[in-house]
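Undergrad: Numbering (this note's numbering), first residue to last: 1 to 523.
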């Protein structure tokens, strides 16, 4: 029995129903007293606006679960039989798409930001340390994780968990420098590797294994050794037949380890059978709770066993995703490189409702965005301002100009109009973009958290912008896309899917993979 479960007959403690993203185990947190962590988070945050927002989200989640249970109860025996047939047929169709011909490697740097800081200051070695401050931390080293401290945790809570915790301020220039060093290594194994963030990437190592006459495990070990030699940092790797499984595998022997899942169907099905659903990318807290509490699904294998219910109560695409997970089927193709269609800029600062300061920050962002756009020779027409309020309300405002713009003056003019409409307001975070266009807005602080994103859509003939719903972890993916609006541009019809991670209360900049897909050309 897990420590946060209540023994039969015992009265549930209030923190046991207080589910936050901070209580989920990460690598290095094995053996942590989950109930103690949950209790400290509950007691420390109680009464804060963050706590109030978490309670609201919990209420929404409970309602979703009840609604799903009610829908399930309405299904007749005939309905269940029909949808089971649908599920069985779809499972066979998905099985026919299984591709075991490719070898994918997912590499994940170990406690990246913290490791970089320790490399810069060896006196931190062996001491519990977190990158960030009392308001928010970006990541924690493995010494701190033993106390339950982890990324996306307010620093004041982390200090309660670990009184000896050392805080180190973030230095993104330093992290970007070391990230570039790792990518130079990745290029040697797969010139078309897919960077998921500063500290992780997917590589198709099928060809390099053949060319060098080496096993995938040997390639993974060599790559990890090269990264260490080039940077002084360690990384972990997972090797599997597809990207979904490779990412899961990279977390198994962290830190500084690797795990290989062979390209064999039986091996995949055995591996996936007892795998907790939360280990799968795209299944966050909300989805996990709905599947567990409304359907009794906790493992990937149970996705197949209850496929009829999933087909009955979820959309076609979502049910397909769940069934694919149950089969251990993921993507194996290498997406073609596309020119980016958006660019953004972000900035973090101390909480303030000073309008003069807010406009100054907006001007700074406009300057940064302008510089990035000119560097890439880009112009855009649609400007989006996104904010998160002190009560954790997310707002998004957009305006489309009659002409293409790229100057800081034009950007500031339109952004100022959008901000003015929201005043009076207190802001804490504005952000800055790097490559691939769309970046997560990662917030900082406990009471007043804000993010602002300036987002410019670039050329194409008609550009459809998909807005997405968040799950409980703030995960945005293709399974919760919502068509929003279409803009007329130049010569063909393009839509994009943004794979994003907007994790509440987190200062770390996590790049989002933007996949642009040309649907058709206009006449």
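No residue lacks a Cβ here, since even glycine has one placed at the ideal position from N, Cα and C.
Note that this is a predicted model, so its numbers are computed, not measured.
#1: Note down the Cα distance separating residue 63 from residue 187, rounded to an integer number of angstroms.
#2: Mind checking residue 263: buried by the 16 CB within 10 Å criterion, or exposed?
#3: For residue 422, which of helix, strand or coil comes out of DSSP?
#4: Since residue 27 contacts residue 107 with CB under 8 Å, what's their CB separation in whole angstroms?
#5: Would you report the Cα separation of residue 395 and residue 43, rounded to the nearest angstrom?
#6: Got a sec, what are the start and stop residues for the alpha helix (DSSP H) residue 105 sits in?
#7: Can you tell which of 248, 57, 243, 185 has its C-alpha closest to the C-alpha of residue 221?
#8: Along the chain, where does the beta strand (DSSP E) containing residue 200 start, and where does it finish?
#9: Check residue 191 in the structure and name its three-state DSSP category.
#10: Tell whether a beta-carbon distance below 8 Å holds between residue 359 and residue 383.
#11: Taking all protein chains shown into account, do 16 or more other C-beta atoms lie within 10 angstroms of the C-beta of residue 247, making it buried, or fewer, making it exposed?
#12: Can you tell me whether DSSP reads residue 376 as helix, strand or coil?
#13: Is it right to say residue 67 is buried, meaning 16 or more other beta carbons lie within 10 angstroms of its own, or is it exposed?
#14: Closest to residue 241 by C-alpha separation, out of 39, 54, 141, 204, would be which residue?
#15: Tell me whether residue 233 is buried or exposed, calling it buried when 16 or more other Cβ atoms sit within 10 Å of its Cβ.
#16: Residue 153 to residue 272, Cα distance in whole Å?
#17: Using CA atoms only, rank isn't needed, just tell me which of 95, 101, 298 is closest to residue 206.
#18: Contact defined as beta carbons within less than 8 Å: I believe residue 114 pairs with residue 96. What is the distance between those atoms, to the nearest angstrom?
#19: Quick check: what's the CA-CA separation for residue 69 versus residue 408?
#20: Once the 5 residues before and after residue 30 are set aside, which same chain residues still bring their CB inside 6 Å of it?
#21: Using a Cβ-Cβ cutoff of less than 8 Å, which residues in the same chain neighbour residue 373 once the five nearest sequence positions on both sides are dropped?
#22: How far does the alpha helix (DSSP H) with residue 129 in it reach, from first residue to last?
#23: Quick one: is residue 270 buried, meaning 16 or more other Cβ sit within 10 Å of its Cβ, or exposed?
#24: Going by beta-carbon coordinates alone, are residue 286 and residue 148 separated by less than 8 Å?
#25: Within 10 angstroms of its Cβ, does residue 243 collect 16 or more other Cβ (buried), or is it exposed?
#26: Is it right to say residue 121 is buried, meaning 16 or more other beta carbons lie within 10 angstroms of its own, or is it exposed?
#27: Whole angstroms are fine: how far does the CA of residue 320 sit from the CA of residue 292?
#28: Between the C-alpha atoms of residue 86 and residue 179, what's the straight-line distance to the nearest angstrom?
#29: At what residue ranges does the stretch 300–324 contain a whole run of the alpha helix (DSSP H), taking only runs of 4 or more?
#30: Could you spell out the range, first to last residue, of the beta strand (DSSP E) harbouring residue 147?
#31: How big is the Cα-Cα spacing for residue 494 and residue 363?
#32: Which residues mark the beginning and the end of the beta strand (DSSP E) in which residue 166 is found?
#33: Give me the residue from 127, 35, 48, 80 with the minimum Cα distance to residue 309.
#34: How many Å lie between residue 424 and residue 60 at the Cα?
#35: Cutting at 7 Å between CB atoms, please list the residues of its own chain near residue 256, excluding the five before and the five after it.
#36: Give the range of the alpha helix (DSSP H) segment to which residue 116 is assigned.
TA: Here's the rundown:
#1: 47 Å
#2: buried
#3: Three-state result, residue 422: coil.
#4: Between residue 107 and residue 27 the Cβ distance is about 14 Å, and since that is not below 8 Å, they are no contact.
#5: 29 Å
#6: From DSSP, residue 105 is part of no alpha helix (DSSP H) but of the beta strand (DSSP E) over 104–109.
#7: 185
#8: Residues 200–204.
#9: coil
#10: no
#11: buried
#12: helix
#13: exposed
#14: 204
#15: buried
#16: So the alpha carbons of these two residues sit roughly 30 Å apart.
#17: Nearest option by C-alpha distance: 101.
#18: Not a contact, Cβ separation roughly 44 Å.
#19: Distance between the alpha carbons of residue 69 and residue 408 is about 52 Å.
#20: none
#21: Correct list, in chain order: 343, 379, 380, 406, 456.
#22: Looking at the DSSP string, residue 129 is not in any alpha helix (DSSP H); the run it does join, the beta strand (DSSP E), is 129–132.
#23: exposed
#24: Contact: no.
#25: buried
#26: Classification of residue 121: exposed, given that the 10 Å Cβ count is below 16.
#27: 18 Å
#28: 46 Å
#29: 301–305, 307–313
#30: Looking at the DSSP string, residue 147 is not in any beta strand (DSSP E), and its letter there is neither H nor E.
#31: Because residue 494 sits at a pLDDT of 26, beneath the cut-off of 50, its placement in the model cannot be relied upon, and the point is left open.
#32: 166–168
#33: 80
#34: 28 Å
#35: 110, 234, 236
#36: 112–120
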